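Novice: Residue numbers (the UniProt record's numbering): 1 to 1152. Below you'll find the structure I mean.
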């Protein structure tokens, strides 16, 4: 096995990039002996040639990084020149040859491009795994030459690059170099700056694309993929006799429910005959409309629909669980859709015969409405099917693209992001991936241009964490004008002595320490050694210029502050906490190269006074100091309060054993809260540390002390004009305290355990301004809720967290980030400040235009976060995104990223509700969505009848998500909620990640009564989800329903008694204990299957909660139906159909 240090998968071969010029034909790359030994190690598995297989090739790459050590230590561990790589020490006991199996990549076989010898690689799929077999003569010769010669000192212009220990996965490649791994030659190069838009007949030679043999490329919707034989045909079916029947439409009645049609492709698409039409049915051209439906499906006037997903796949056919079952009278439609044809849903309003597109007289249909059938849910866009289609098209390896980013998969799709110069969608997403060059298009359509950034988002198991670049005293390299940081889109000029910034076009001199010559292709000779030239996401180690008072920070600290009043003792909170807290300390976050965490820990208990504990290992016995002056609280001592957890284990255990005994008989019910937070803040300020304060509180702070609150509970005003009187903070104390915490790098996580009103609305600013989290356990009982509390606490302690953070989003000239959504403090118009930000926090920024964008050039976005790591190192995490620009409306609508767009709608709706009435929010959100669809209809469709609702392919679920937002409890919850619950749900929304928002707006409904697991080690496949509508719940099944904050187990009346016996060990449905909220752990296949599904579904739930067991027809079933968002049961709003109708009426109003 050969190993190359500081080089990528194909030695010496780096793709052309914007800052490095083009690679001329026949270029062989840099010789391996010139590689710096300061970069990470990477193993390339080289196998002897084998017979070529026709199976799609797969890559199997073994990689290993060196730990993030100082440079002198690395020099001591370097092998001598030519030494075998296996002799080098492995990192912290990590397996020396971790393996990663990527998803298959189908190759495109085309004509060989002359003059490019990098395209001669063959692949073979091996029975032992997918492995890269490189038969290129030059590369084979390089691989056979053995390890390169290492030098004892790096080049003078190459500073150490010390990445964190990565997860074994896809290799770090220079931008676009994934294409160099394939056998296929490059097709004709498109014009510069042209976006990679689906629907084009010829795949475009963009780095990051994944061409398929004899198939069009899959990326931005609008194209088709060759899939297995279809179960249906995407064409619209109606009887031939109804083909030319006009529609009579009426806006007044809800009965005029839109029906889905297939809309032809865009105006400028070439006419092509559609494939798969029934025998005897002519194939229409793209500018024609087909309406075909068997008479048996619906009465006259009903217009049905087929798939709106990937053509050739079943979309809205029979109910889930019956794939491929033909409807009565529906002939099978064999055949594949023609590549390049886009299926767009159109919706007709059923009505009486009349002039096409003309609305009928008011009330004309009222007498006949009962005779008219309602809209069949099977013929409405299905969220379940759309997600399945996206999984088929985009699961597996997802190259992020270069020079412009590819439209990412939906957040519900499992994918492995490969950074090619644009950040992973797990870190940075945009609502549109083809940006208009002027503001006119967005102004007309009201389409929002927003970016969603989760700077510390969790990577998949087989993805890299952003590597760390340490330039020593030089610090991060940035533009001297706009202060943008070095990225793959910077262009080096003047022989490498300057670089041109893509954000402001300014030229910045390159300091001598960072200088490297350019080769004859215009590339820097050290491009392979520097992640900032190759990756979209990476980190810089900051120097003292980025630190407060020019002093490097200390390690952060966690302070735990536990309520020990009567309510906390009685509920079991104190006992549960003390029994488990020591074990949780082993979960403290640490760097990947650390053996143990270096975070400091402090401990406080409180009721109407505060009790500080001296945990110093020097003290023979822990000491407790009581502070009773809560008007001007202070920390009685600093030394011994914040300690290393591993060194003070004995002291911590002693106080945990002592606390239940000391306060077990307390009768104190009144507690303070303001002084508790002030004490935690003062302790961290006194020790010059950033950190987080964990507060465990049980009751309304009514004691005479700073932060006193009064009971103002009045649920009757919710949903009305006076709801702000109970949803806004009661005073400014906690708002100012939250601001003070953020300014000092302190974050607050608040765990509430109330038995009554606790005024969540007033406490919210303390959490939201500091970047913390709020947890609420109503009527907490340690026996029932203790497990969920401990899981939440463990996650809060262990997740990746950045302290004392400042974030800024920079954009190209002509663009500017203006409106921001999230949990942070803003003291100016550009910088977001966080006491701490973790892997579960996201921010969303709306981009506005200041000027026109240059034509045929990408626009750029960079999100930079300055923070203190868990080890006390000051760093900058950088995420970059390059987006194509266009002037074509069709291209814009094809490149919409639906999940980010929906996340914006949800967060924007919550902000409107805080400032205006709920009815004003509904009008504003509906009007925005209607303008978006009306503009699409006007600019991108072939003048369909006004009775049709035309949806872009990527926004086919917009009516569904719109209805879900408008009736969401966090936005419009009424008197059926408590004030605290409404305030709790509202405060969650701004900081939610996009994937969490999608979970809330459309829950998972999974049938579980048929799931069996014989052995835990067996391969497991999740059951197919069903739509979130009550009519899809069969009485013979049981379903698990998860909405992000609630989990239900619904059991139908006719569920098998054998299943009930296997799960609950009772004889019948009525004997199930629905009050226990516990799924018994029994040793049988059905029990193991149910618990397996629950474990998978609740793994990343927003807040862990007990499982509510509901039998069909139980009174609690009405509460569960709130979460079935396609029905009128859910919340206060209407059904999916009502949302379609409301949106369609608004569009008709706009068009008229």
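Every residue, glycine too, gets a C-beta built ideally from N, C-alpha and C. Only a predicted model underlies this, so the values are computations on that prediction, with no experimental measurement involved.
#1: Checking the sheet assignment: what are the DSSP bridge partners for residue 509?
#2: Between which two residues does the alpha helix (DSSP H) containing residue 614 stretch?
#3: So which of 729, 823 and 722 has the shortest CA-CA distance to residue 1189?
#4: So for residue 180, helix, strand or coil by DSSP?
#5: Between residue 816 and residue 471, what straight-line distance do the alpha-carbon atoms span, to the nearest angstrom?
#6: Might you give, ordered along the chain, the residues of its own chain that have their beta carbon closer than 7 angstroms to the beta carbon of residue 653, omitting 5 neighbours on each side?
#7: Check the C-beta distance from residue 765 over to residue 735 and give it rounded, since I have them as a contact under 8 angstroms.
#8: Starting from residue 1112, follow its DSSP beta bridges and name the residues at the other end.
#9: Going by other Cβ atoms of all chains shown within 10 Å of its Cβ, with 16 needed for buried, is residue 509 buried or exposed?
#10: On the DSSP letters alone, give me the boundaries of the beta strand (DSSP E) that residue 399 sits inside.
#11: Should the segment 629-642 be regarded as contacting the segment 681-695, the criterion being three or more beta carbon pairs within less than 8 angstroms?
#12: Return the chain-ordered list of same chain residues with a C-beta closer than 8 angstroms to the C-beta of residue 659, the five sequence neighbours on each side being excluded.
#13: For residue 438 and residue 891, I'd like the C-alpha separation in whole angstroms.
#14: Starting from residue 862, trace the beta strand (DSSP E) in both directions and tell me its first and last residue.
#15: Bridge partners for residue 434 per DSSP, in chain order?
#16: Relative to the C-alpha of residue 424, which candidate in 538, 909, 469 and 1011 has its C-alpha closest?
#17: Could you work out which residue in 942, 990 and 433 is closest to residue 904 when comparing CA atoms only?
#18: Take residue 406 as the anchor and find which of 464, 882, 446 and 490 has the nearest alpha-carbon.
#19: My parser needs the beta strand (DSSP E) runs of 3 or more residues fully inside the segment 989-1017; what are they?
#20: So for residue 440, helix, strand or coil by DSSP?
#21: By a C-beta neighbour count over all protein chains shown, 10 Å radius and 16 as the cutoff for buried, is residue 1058 buried or exposed?
#22: Name the DSSP beta bridge partners of residue 750, please?
#23: Quick check on residue 1162: does DSSP put it in helix, strand or coil?
#24: Grab me the residues of residue 655's own chain with a C-beta within less than 8 angstroms of its C-beta, minus the 5 sequence neighbours each way, in chain order.
#25: Can you have a look at residue 855 and say buried or exposed, based on whether 16 or more other CB atoms are within 10 angstroms of its CB?
#26: Going by beta carbon distance, what residues of the same chain come within less than 7 angstroms of residue 516, once the five residues before and after it are set aside?
#27: With a threshold of 7 angstroms on Cβ separation, who are the neighbours of residue 411 within its own chain once the five nearest residues in sequence on each side are excluded?
#28: If you run the structure through DSSP and keep just helix, strand and coil, what is residue 404?
#29: Would you report the Cα separation of residue 502 and residue 488, rounded to the nearest angstrom?
#30: Helix, strand or coil for residue 656, going by three-state DSSP, please let me know.
#31: On the DSSP bridge list, what partners appear for residue 848?
#32: Could you compute how far the alpha carbon of residue 831 sits from the alpha carbon of residue 461?
#33: Are residue 879 and residue 584 touching if we call contact CB-CB under 8 angstroms?
#34: So, helix, strand or coil for residue 492, using DSSP?
#35: Relative to the alpha-carbon of residue 697, which residue among 715, 710, 720 and 671 has its alpha-carbon at the smallest distance?
#36: According to the Cβ coordinates, are residue 1089 and residue 1026 closer than 8 angstroms?
Specialist: According to the data block:
#1: The secondary-structure analysis by DSSP pairs residue 509 across a beta bridge with 498.
#2: Where residue 614 is concerned, there is no enclosing alpha helix (DSSP H), although the beta strand (DSSP E) it sits in stretches over 610-614.
#3: Nothing about residue 1189 can be reported from this structure: the residues present for the chain run from 1 to 1152 only.
#4: Because the pLDDT of residue 180 is 41, which lies under 50, any placement of that residue in the model is unreliable, and the question is left without a value.
#5: When rounded, the distance between both Cα atoms is 30 angstroms.
#6: Excluding its 5 nearest sequence neighbours in each direction, residue 653 has C-beta neighbours in its own chain below 7 angstroms: 582, listed in chain order.
#7: With 8 angstroms as the limit, residue 765 and residue 735 qualify as a contact, their Cβ atoms being about 4 angstroms apart.
#8: Residue 1112 is not bridged to any residue.
#9: With fewer than 16 other CB atoms across the displayed protein chains lying within 10 angstroms of its CB, residue 509 is exposed.
#10: Going by DSSP, residue 399 is part of the beta strand (DSSP E) stretching over 396-399.
#11: Yes: at least three Cβ pairs fall under 8 angstroms.
#12: Taking residue 659 as the centre and dropping the five residues before and after it, the same chain places the C-beta of 562, 564, 574, 578 and 605 closer than 8 angstroms to its C-beta, in chain order.
#13: Cα-Cα distance, rounded: 14 angstroms.
#14: Membership of residue 862 in the beta strand (DSSP E) is indicated by the continuous run 859-868.
#15: Looking at the DSSP assignment, residue 434 forms a beta bridge with 884.
#16: Nearest of 538, 909, 469 and 1011 to residue 424, Cα basis: 538.
#17: For the residues 942, 990 and 433, the minimum Cα distance to residue 904 belongs to 990.
#18: Closest by alpha carbon: 882.
#19: Taken in chain order, the whole beta strand (DSSP E) runs of length 3 or more contained in the segment 989-1017 are 1004-1007.
#20: Reduced to three states, the DSSP call for residue 440 is helix.
#21: Exposed, by the Cβ-count rule.
#22: Bridge partners of residue 750: 695 and 774.
#23: Residue coverage of the chain in this structure runs from 1 to 1152, which leaves residue 1162 outside it and unanswerable.
#24: Result list for residue 655: 603, 613, 615, 622 and 624, in chain order.
#25: Burial check for residue 855: the Cβ neighbour count within 10 Å stays below 16, so the residue is exposed.
#26: Here the set comprises 157, 496, 524, 525 and 526.
#27: Within the same chain, residue 411 has close Cβ partners 899, 994, 995 and 998.
#28: In this structure, residue 404 counts as coil in the three-state DSSP scheme.
#29: Distance between residue 502 and residue 488, taken at the CA atoms: about 10 angstroms.
#30: If DSSP states are grouped into helix, strand and coil, residue 656 belongs with the helices.
#31: According to DSSP, which records beta bridges pairwise, residue 848 is partnered with 816.
#32: Looking at the two C-alpha atoms, the distance is approximately 32 angstroms.
#33: In this structure, residue 879 keeps its C-beta atom at 8 angstroms or more from the C-beta atom of residue 584.
#34: DSSP, reduced to helix, strand and coil, places residue 492 within a strand of the structure shown.
#35: The candidate whose alpha carbon is nearest that of residue 697 is 671.
#36: Residue 1089 places its beta carbon 8 angstroms or farther from that of residue 1026.
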